[in-house]
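Peer 1:
Protein chains: 2
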Amino acid sequence: MVTVNTGGTAMPKIRSASPPYHHGDLRRALIDSALALVTEEQDWTFSLREVARRAGVSHNAPYNHFPEKRDLLDAVAAVGFERLREGLLATIAGIDDMAAALAMSGEAYVLLGIGNPALYRLMFGPALSVSGGGDQPMLARAAGAEARAVLQGIIRRGAGAGTFAVAAEDERAIALATLSAWSAVHGLTMLIIDGVAGPGFAVEEMIERVIGIEVAGLRSFSARIRRPIRAWRRKGDWR
Amino acid sequence: MVTVNTGGTAMPKIRSASPPYHHGDLRRALIDSALALVTEEQDWTFSLREVARRAGVSHNAPYNHFPEKRDLLDAVAAVGFERLREGLLATIAGIDDMAAALAMSGEAYVLLGIGNPALYRLMFGPALSVSGGGDQPMLARAAGAEARAVLQGIIRRGAGAGTFAVAAEDERAIALATLSAWSAVHGLTMLIIDGVAGPGFAVEEMIERVIGIEVAGLRSFSARIRRPIRAWRRKGDWR
DNA sequence: CGCCGGTGTTGACAGTGACCATATAGTGGG
DNA sequence: CCCACTATATGGTCACTGTCAACACCGGCG
Chain Z
31 MVTVNTGGTA MPKIRSASPP YHHGDLRRAL IDSALALVTE EQDWTFSLRE
81 VARRAGVSHN APYNHFPEKR DLLDAVAAVG FERLREGLLA TIAGIDDMAA
131 ALAMSGEAYV LLGIGNPALY RLMFGPALSV SGGGDQPMLA RAAGAEARAV
181 LQGIIRRGAG AGTFAVAAED ERAIALATLS AWSAVHGLTM LIIDGVAGPG
231 FAVEEMIERV IGIEVAGLRS FSARIRRPIR AWRRKGDWR
Chain R
31 MVTVNTGGTA MPKIRSASPP YHHGDLRRAL IDSALALVTE EQDWTFSLRE
81 VARRAGVSHN APYNHFPEKR DLLDAVAAVG FERLREGLLA TIAGIDDMAA
131 ALAMSGEAYV LLGIGNPALY RLMFGPALSV SGGGDQPMLA RAAGAEARAV
181 LQGIIRRGAG AGTFAVAAED ERAIALATLS AWSAVHGLTM LIIDGVAGPG
231 FAVEEMIERV IGIEVAGLRS FSARIRRPIR AWRRKGDWR
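As you go down the protein sequences, you meet chains Z and R in turn. Counting in the numbering used here, the first sequence runs from 31 upward without gaps. Counting in the numbering used here, the second sequence runs from 31 upward without gaps.
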């Protein structure tokens with residue numbers, strides 16, 4: 031498991047509980063302020079200066095902890111992934127039927143996501159994307175992998191129990207099945223957040239149906255579909 | 031069908047083919063420039079002034095066609111949805127087996143999406159979101175609905191032919207099944223774009239498996255899943 | 001005790017989105 | 001044919017942003 035280490039900077043051997051020099055724990059305070067801003071404004075276009083103001087420090091103090099604004103958002107996204115992971119783990123605790131565990135964790139996933147749309151979008155947004163030339167958003171990426179591992183564990187156990195039509199010893203098949211389940215819940219969450227799912231449907235209705243179809247698909251052996259048109263790879267003048 | 035009307039502004043009764051006053055067709059040029067910038071930089075943090083520079087006009091000219099930057103991005107996203115819709119329609123032309131049509135359009139969908147990640151993210155990003163207080167991004171929203179209608183048509187025909195386990199006359203069930211399919215391809219596209227799907231899997235491999243499971247799920251009758259924990263609705267201190 | 005490096009501050013700069021008033025160029029009414 | 005009118009484009013301006021650079025603080029270490 032990866033802990034994001036929100037408190038305690040790169041101090042050599044000092045115990046991280048000891049209050050840092052001036053502010054107390056500015057790094058933590060900045061992450062908290064940014065998270066609060068994301069939650070309140072449902073947007074992360076706020077200025078770094080606003081975050082600094084909230085934390086009660088000068089407009090340049092954050093640069094001692096985050097080289098760019100991007101890095102602060104990365105840390106916020108990582109916190110979001112950690113909370114998501116904890117929510118999933120708490121939901122499936124004590125459940126033996128992996129189909130039920132998948133369904134319930136799927137519902138928890140979507141509900142957690144739509145509970146804070148901007149945070150969820152941030153988690154999968156610019157902080158995760160590799161588009162930016164230089165550096166990777168390692169914190170969010172690692173935390174996201176930890177969250178995904180929860181789903182993968184459910185699939186793996188379900189495969190072992192024969193609940194899902196996946197070879198239990200085939201890690202690649204398990205990973206692909208996990209990808210399928212993750213795609214379903216992630217896609218649904220995003221569509222609901224964007225307001226394009228529905229309208230006219232209750233959230234529980236949509237969740238139940240989408241996850242129901244997903245579980246049904248995982249239970250049956252994968253039907254070989256006809257090989258799709260390869261020519262489409264570059265054909266569309268999409269650019 | 032909704033045409034985004036990229037050319038021709040709100041002229042009273044003039045035929046929209048007539049070239050506007052000064053520039054020729056600035057609105058169109060701005061959309062094209064912005065689309066090119068999104069494609070090149072894989073990001074839409076470019077300045078409105080940069081778009082104006084590209085179009086060869088002053089930094090304030092765009093405001094005559096788009097009240098805010100957001101509105102220009104909305105128009106760009108709408109163009110993306112139109113191209114997506116056209117790509118889907120071209121892919122399924124002449125196919126009678128709706129399961130195959132769904133699979134092939136699904137593959138086309140994902141490939142088109144990952145062909146221009148920033149554009150795809152923009153389509154489902156801030157332009158679509160309702161989070162911003164005032165106005166809606168109507169262009170992208172309408173164009174997105176048109177694209178979704180293609181998928182919905184496939185599901186409807188498949189329901190009528192008995193290919194999918196959906197009551198053909200139940201429009202709500204059809205809409206929910208469409209949502210399921212859309213969630214799968216949308217989620218997969220986003221996960222691939224974000225670089226968290228895989229690594230170690232070929233794109234075709236992931237597409238084939240995820241869509242295969244989705245089609246299998248749609249073919250079988252939806253198994254009633256156990257009612258998930260309602261208590262989780264507000265339990266997680268996600269905020 | 002005095003240095004030192006991590007921490008926070010002040011100051012500055014180019015660039016941005018959005019507004020204002022103003023100039024201009026086509027268009028329709030006469 | 002001419003002129004007023006309105007959509008279109010321009011330059012100017014303002015508050016604000018992210019980031020850089022130089023400086024002030026302070027606790028721990030030699």
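In this text, a Cβ means the ideal position worked out from N, Cα and C, and glycines have one as well. This one's a predicted model, so the numbers in the text were calculated from it and none came from an experiment.
(1) Could you say which of Z:250, Z:70, Z:69, Z:92 lies nearest to residue 78 (chain Z) if we only look at CA atoms?
(2) For residue 128 (chain Z), which residues of its own chain have a beta-carbon under 8 Å away from its beta-carbon, when the five flanking residues on both sides are left out?
(3) Looking at C-alpha atoms only, which residue of Z:118, Z:145, Z:144, Z:147 is the closest neighbour of residue 133 (chain Z)?
(4) Is any beta-carbon of chain Z found at less than 8 Å from that of residue 183 (chain R)?
(5) Could you check how far apart the C-beta atoms of residue 173 (chain Z) and residue 235 (chain Z) are, in whole angstroms? I think they sit under 8 Å.
(6) Identify the contact partners of residue 244 (chain R) in chain Z, using a Cβ-Cβ distance below 9 Å as the criterion.
(7) Under 8 Å, Cβ to Cβ, is there at least one residue of chain R near residue 250 (chain Z)?
(8) Would you please verify whether the beta carbon of residue 187 (chain R) is less than 8 Å from any beta carbon of chain Z?
(9) Put residue 94 (chain Z) into one of helix, strand or coil per three-state DSSP.
(10) Examine chain Z for any beta-carbon lying closer than 8 Å to the beta-carbon of residue 164 (chain R), and answer yes or no.
(11) Assuming the contact rule is C-beta atoms closer than 8 Å, residue 196 (chain Z) and residue 207 (chain Z) should be a hit. Round their C-beta distance to whole Å, please.
(12) In its own chain, which residues sit with a C-beta less than 6 Å from the C-beta of residue 149 (chain R), not counting the 5 before and 5 after it?
(13) In three-state terms, what does DSSP make of residue 74 (chain R)?
(14) Listed in chain order, which residues of the region 164-180 of chain R have Cβ atoms closer than 8 Å to some Cβ of chain Z?
(15) For residue 89 (chain Z), is the classification buried or exposed, using 16 other Cβ atoms within 10 angstroms of its Cβ as the cut-off for buried?
(16) Buried or exposed for residue 199 (chain R), please, with buried defined as at least 16 other CB atoms from any protein chain shown within 10 angstroms of its CB.
(17) Just the chain R side, please: which residues come within less than 7 Å of residue 227 (chain Z) by C-beta, in chain order?
(18) Just the Cα atoms here: how many angstroms apart are residue 126 (chain Z) and residue 250 (chain R)?
(19) Determine the extent of the alpha helix (DSSP H) in which residue 193 (chain Z) is found, giving its start and end residues.
Peer 2: In terms of the structure at hand:
(1) By one-based count along the first sequence, residue 78 (chain Z) stands at place 48. Looking at the Cα atoms, Z:92 is the closest of the given residues.
(2) Counted from its first residue, the first sequence places residue 128 (chain Z) at position 98. So the qualifying residues of the chain are 184, 185, 187, 188, 191, 193, 194.
(3) Taking the first sequence and counting its residues from 1, the one referred to as residue 133 (chain Z) is at position 103. Checked all of Z:118, Z:145, Z:144, Z:147; the closest Cα to residue 133 (chain Z) is Z:118.
(4) By 1-based counting over the second sequence, the position of residue 183 (chain R) is 153. No, its Cβ sits nowhere closer than 8 Å to a Cβ of chain Z.
(5) By 1-based counting over the first sequence, the position of residue 173 (chain Z) is 143. By 1-based counting over the first sequence, the position of residue 235 (chain Z) is 205. Not really, about 31 Å apart at Cβ, beyond 8 Å.
(6) Residue numbering aside, residue 244 (chain R) sits at position 214 when the second sequence is read from its first letter. By Cβ distance, chain Z contributes 210, 213, 214, 243, 244, 247.
(7) For this step, residue 250 (chain Z) is matched to residue 220 along the first sequence. So yes, residue 250 (chain Z) belongs to the interface.
(8) On the second sequence, residue 187 (chain R) is found 157 positions in, with the first residue counted as 1. So no, residue 187 (chain R) is outside the interface.
(9) Walking along the first sequence from the start, residue 94 (chain Z) turns up at place 64. In the structure shown, residue 94 (chain Z) sits in a helix (DSSP, three-state: H, G or I).
(10) The residue given as residue 164 (chain R) occupies position 134 in the second sequence. Caution applies to residue 164 (chain R), whose pLDDT of 49 falls short of 50 and renders its modelled position unreliable; the value that the coordinates give is listed next. Closer than 8 Å: no.
(11) Here the question's residue 196 (chain Z) lines up with position 166 in the first sequence. Here the question's residue 207 (chain Z) lines up with position 177 in the first sequence. With a Cβ gap of about 5 Å, residue 196 (chain Z) and residue 207 (chain Z) count as contacting.
(12) By one-based count along the second sequence, residue 149 (chain R) stands at place 119. Counting only Cβ-Cβ distances below 6 Å, and skipping sequence neighbours, we find 68, 110.
(13) Numbered from its first residue, the second sequence carries residue 74 (chain R) at position 44. Residue 74 (chain R): coil per DSSP, three-state reduction.
(14) 171, 174, 175, 178
(15) Taking the first residue of the first sequence as position 1, residue 89 (chain Z) is located at position 59. It counts as exposed.
(16) Here residue 199 (chain R) refers to the residue found at position 169 when the second sequence is read from its first residue. So residue 199 (chain R) counts as exposed.
(17) Within the first sequence, the letter at position 197 stands for residue 227 (chain Z). Here the neighbours are 209.
(18) For the purposes of this step, residue 126 (chain Z) is identified with residue 96 of the first sequence, where counting begins at 1. For the purposes of this step, residue 250 (chain R) is identified with residue 220 of the second sequence, where counting begins at 1. Answer to the nearest angstrom: the Cα atoms are 24 Å apart.
(19) In the first sequence, residue 193 (chain Z) corresponds to position 163, counting from 1. Here residue 193 (chain Z) belongs to no alpha helix (DSSP H), and DSSP marks it neither H nor E.
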